[in-house]
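Since the structure comes first, as structure tokens, the remarks are kept for the end.
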Amino acid sequence: MIFLTTDAVRTGARTAMKVEDAFELLQLVQSARYLAERVRLPHSTYFDADFFLSSTTDSVFRQSTRIDYTFASIVDEIQDDAVFHNESTYAQAPVWMQLAVALDRFGGNYGTGASLGRPQRLWGIGKGTVDDYTDRVVQALVDLSPKYVRWPTPTERRQTSRRMASIGFKGCVGFIDGTTIPLSRKPSVDGECFLFLQKAALQFKCSSRM
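Right, dumping it as structure tokens:
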């Protein structure tokens, strides 16, 4: 026969209450995706294609997209990519807007989460949407890359070498572009080829015609 003291009974009761409280808290966490009330951002109504692509001044356009009006050419090149066309009930944002958001993010703070804040505030979209736009644009550019990113043929290398030699740069076949894309870390594949460690940024060799 086991005899329980009053203190033991009280201790057991307190333990049971703590377990019950913890179980209720666990149920609450598992049943709710968000514990704090979400503050929804107002959707952007300021930007529209006609105004943004034709009426924005050069300086403001560069501040928003990091490039000049060649932006429209990029839109033309990628807008038919499959990544921008799906069978979802909800239509995607215009390709020009997704590209603008991605470019704005590329010019942010070394590819970290901090770079989400500016496009989120500027365009009135959530962080998850910024990620979606960025992923689609990157995929579209990767799909487009074979058209523009390739090693020159032997004939093209000879032509470039002769052209550069004629202006005093014998043996030179390209340049390092001065525009960098900030990264938070080295790429996992061939990172040494693309990361300029002193500035933690990508570097590209451009031909003399660019």
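For the sequence shown, this note's numbering assigns the number 36 to the initial residue and increments by one for each residue that follows. Note that beta-carbon positions come from the ideal geometry of N, C-alpha and C, so glycine has one too.
For residue 96, the enclosing alpha helix (DSSP H) covers residues 93–100. Taking 7 angstroms as the cut-off, the Cβ atoms of residue 137 and residue 110 do not count as close. Bounds of the alpha helix (DSSP H) holding residue 180 are 162–183.
Here the stretch 166–186 lies against the stretch 110–122, with 3 or more beta-carbon pairs under 8 angstroms apart. For the 7 angstroms CB-CB criterion, residue 142 and residue 101 form a contact. In the structure shown, residue 135 adopts helical secondary structure according to DSSP, grouped into three states.
Nearest to residue 112 by C-alpha distance, out of 183, 190 and 201, is 183.
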